[in-house]
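Here is the structure we will look at.
Number of protein chains: 2
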Amino acid sequence: MENTGDNGCEASDDGRTLKSLERSFAIISELKEREVAGVTELANATGLSKGSVHKHLATLRAGDFVTKDDRAYRLGLRFLDIGADVRNQIEGNTLIQEKLRELAEETGETAQFTVREHGRAVVLYRETGMQGVFSKGRVGKRFHIHHTAAGKAMLAQMPREEVQRLIDTYGLTAATENTITTETALFDELDKVRKQGFAINESESTRGLRAVAVPIVDSDENILGAFAIAGPAHRLKHEQLENEISDLIHRSVNELELNLAHS
Amino acid sequence: MENTGDNGCEASDDGRTLKSLERSFAIISELKEREVAGVTELANATGLSKGSVHKHLATLRAGDFVTKDDRAYRLGLRFLDIGADVRNQIEGNTLIQEKLRELAEETGETAQFTVREHGRAVVLYRETGMQGVFSKGRVGKRFHIHHTAAGKAMLAQMPREEVQRLIDTYGLTAATENTITTETALFDELDKVRKQGFAINESESTRGLRAVAVPIVDSDENILGAFAIAGPAHRLKHEQLENEISDLIHRSVNELELNLAHS
DNA sequence: AATAAAATTCACTAATACGAAACAACTATG
DNA sequence: CATAGTTGTTTCGTATTAGTGAATTTTATT
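Residue numbers (our numbering), protein chains in the order written: chain A, 1 to 263; chain B, 264 to 526.
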């Protein structure tokens, strides 16, 4: 696995941020990767002293952000508590879940609702159909926005200069040999998406994974997110995605948009 | 709504914790309750200066724990990212979801998988059946352990002195007029639960809500959590819970325990 | 356009987070 | 069973830095 700098926790030395908090983030980050770790291990990983790491962990523990069994520290469920709360704050979340469920049932594949946050695409809800789980993309997972169908669907709704800004900030990193990595290719793709009304992901994030996505916008043209259906390339043929499946998603998105407008 | 001190974020003045981190927690806590807030509002709420709150928010923002639109600060999806990751670390999570789904489908009600963390019961997974959502208990939500069927199911599996310790630490706060609030009543109830093999919640956490729960233990007697079915009292009759539904959950739990033992 | 309010930046200082080392608790090993 | 070797926890002095309050910039309001 290449390090694309995903868990951005480099300490910044300008005086505009709290260093101690950043150190906590670093500890959390390391703990996330390791699932379970001890004080010494984390001290080595972060470059902090054992005593300091201990203090951080003790504080995080008091806030339920970290658990400790014996000498094994883990991340706690407070993150889920807050995360689920944040997720439930978006309007129409129950409706969104219902629609996803319909989609998952009708297609038998995985249906996802994705939003963007900063420059990333984040999967907020996920329902899997009968065909079972073809994972990648668990809830909460953050993707580079140009790697995913949902991401491209959202980008296509954004003004060109905003897309440009995202490119300038985050670049166009590759995930597979199919990933779009040049500006011109991306803008061409977004034009196509805009014309079609849906975006397709042809193994651009994971080899063997296909997906279609349709953007969701409210009456004020705000991008709320995107619905997507994803599955293994051997089950989901390209023509299916372009026809039946994109139609299904469109129908769901339209119904959702209508319902949201009346509330 | 009474303040039971749920979001425990009182600053402790012993030198064993990081004060600046605790202040961040306080800000996060306030932000969670308000959904959206500005610097001044948070400064007033926490008693910190505007400048300081700003610095905290800037740092949290850099870590994707907070988002800012215009002058509106909100909690970010990083919490969901980490939370979902923590949740997925528990063994057999896919199996658990499958079983919940079966249960939700068979009963038409809401099926939940709950674990304990520290003295609380936390809903980790949740599947809703056709009868629709009778909410309370979204994913990640933390309950006082004696308020819920799942909590009582887990307590019944714990050694008496550990239960005692929890009571001593957290007390037996009331949520409704049915909540068990005395030690003797609780221990009696746990005896009953142990004999029956399931726990019932008769409007002990929310008026009009009934639930049954069965504990899940592994081959080493470790308590992994509990499965529960919950729904409105008018749909779920007491006899149903004691008979058909508790049997259904038992079957699922047994299958799950078996599967977990072989891995 | 003018005024008000809120967010951000700045400089200074008191608070405190950090590191190093001592101490305690637990593991492994002979 | 004793001893050496880890690992976690606590203590303490000090350098760092987090916080305050005011100045400055930005955004909203009249």
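Note that CB positions come from ideal geometry on N, CA and C, so glycine has one too.
> Which residues mark the beginning and the end of the alpha helix (DSSP H) in which A:Asn267 is found?
Replying inline: Examination of residue 267 of chain A is not possible in this model, given that chain A is present from 1 through 263 alone.
> Using a Cβ cut-off of 7 Å, which residues of the region 72–87 of chain A contact any Cβ in chain B, in chain order?
Replying inline: Leu75, Gly76, Leu77, Phe79, Leu80, Asp81, Ile82, Gly83, Ala84, Asp85, Val86, Arg87
> Whose C-beta lies closer than 8 Å to the C-beta of A:Asp218 among residues of the same chain, with five residues either side of it excluded?
Replying inline: Leu224, Glu257, Leu260, Ala261
>> For A:Val139, would you say it is in contact with chain B, using Cβ-to-Cβ distances shorter than 9 Å as the test?
In response: yes
> Does A:His146 come within less than 9 Å of chain B when only Cβ atoms are used?
Replying inline: no
> For the region 302–315 of chain B, which residues have a beta carbon sitting closer than 8 Å to at least one beta carbon of chain A?
Replying inline: none
> Is the Cβ of A:Leu95 closer than 9 Å to any Cβ of chain B?
Replying inline: no
>> With a threshold of 9 Å between beta carbons, is B:Thr432 in contact with chain A?
In response: no
>> So, with DSSP's three-state summary, where would you put B:Gly268?
In response: Annotation note: pLDDT 36 at B:Gly268 (below 50); position unreliable, coordinate value reported separately. In this structure, B:Gly268 counts as coil in the three-state DSSP scheme.
> Which residues bound the beta strand (DSSP E) around B:Ile463?
Replying inline: 462–465
>> To the nearest angstrom, how far is the alpha carbon of B:Lys362 from that of B:Ser466?
In response: 25 Å
>> I'd like to know if the region 306–315 of chain B and the region 280–290 of chain B are in contact, where contact means that at least 3 CB-CB pairs between them fall below 8 Å.
In response: yes
> How many Å lie between A:Ile200 and A:Ile96 at the Cα?
Replying inline: 21 Å
> Where DSSP assigns a beta bridge to B:Ile290, which residues make up the other side?
Replying inline: Its beta-bridge partners do not exist; DSSP assigns none.
> Considering only C-alpha positions, which residue in the set B:Thr303, B:Thr445, B:Arg364, B:Pro478 is nearest to B:Gln459?
Replying inline: B:Pro478
> In this structure, what does DSSP give as the bridge partners for A:Arg120?
Replying inline: A:Glu117, A:His144
> Do you know how far the Cα of B:Asp483 is from the Cα of B:Gly355?
Replying inline: 16 Å
> In chain B, which residues lie less than 8 Å from A:Val122 when you measure between Cβ atoms?
Replying inline: Leu340, Leu343, Asp344
> Is it right to say B:His497 is buried, meaning 16 or more other beta carbons lie within 10 angstroms of its own, or is it exposed?
Replying inline: exposed
> Run through DSSP, which three-state label would B:Val456 get?
Replying inline: helix
> Which partner residues of B:Phe342 appear in the DSSP bridge assignment?
Replying inline: The partner list for B:Phe342 (beta bridge, DSSP) is empty, contrary to what the question assumes.
> Does A:Arg165 get closer than 9 Å to chain B when you measure Cβ to Cβ?
Replying inline: no
> If the cut is a Cβ gap below 7 Å, which residues of chain B does A:Phe113 touch?
Replying inline: Those within 7 Å of A:Phe113 in chain B number zero; the least Cβ separation is about 12 Å.
> Does A:Lys237 come within less than 9 Å of chain B when only Cβ atoms are used?
Replying inline: no
> Whose C-alpha, out of A:Asp64, A:Thr40, A:Arg16, A:Thr46, is nearest the C-alpha of B:Ile291?
Replying inline: A:Asp64
> Hey, is the region 506–517 of chain B in contact with the region 328–343 of chain B, meaning 3+ C-beta pairs nearer than 8 Å?
Replying inline: no
> Is A:Ile167 near A:Met154, with beta carbons less than 9 Å apart?
Replying inline: no
> Out of B:Leu343, B:Asn307, B:Arg324, B:Val329, which has the shortest C-alpha to C-alpha gap to A:Lys32?
Replying inline: B:Leu343
> Using Cβ-Cβ distances below 8 Å, what residues of the region 186–217 of chain A are close to chain B?
Replying inline: none
>> Please give the ranges of any alpha helix (DSSP H) in the region 200–262 of chain A, keeping only runs that are unbroken, at least 4 residues long and fully inside the region.
In response: 246–261
> What residues are listed by DSSP as bridge partners for B:Ala335?
Replying inline: B:Asp332
> What did DSSP end up calling B:Glu440 once you bin it into helix, strand or coil?
Replying inline: coil
> Based on Cα-Cα distance, which residue from B:Arg379, B:Gly494, B:Val329 lies nearest to B:Val299?
Replying inline: B:Val329
> In chain order, what residues of the region 278–294 of chain B put their CB closer than 8 Å to some CB of chain A?
Replying inline: Arg279, Thr280, Leu281, Ser283, Leu284, Glu285, Ser287, Phe288, Ile291
> Terminal residues of the continuous alpha helix (DSSP H) containing A:Thr182?
Replying inline: It is not in any alpha helix (DSSP H) - A:Thr182 carries neither H nor E in the DSSP assignment.
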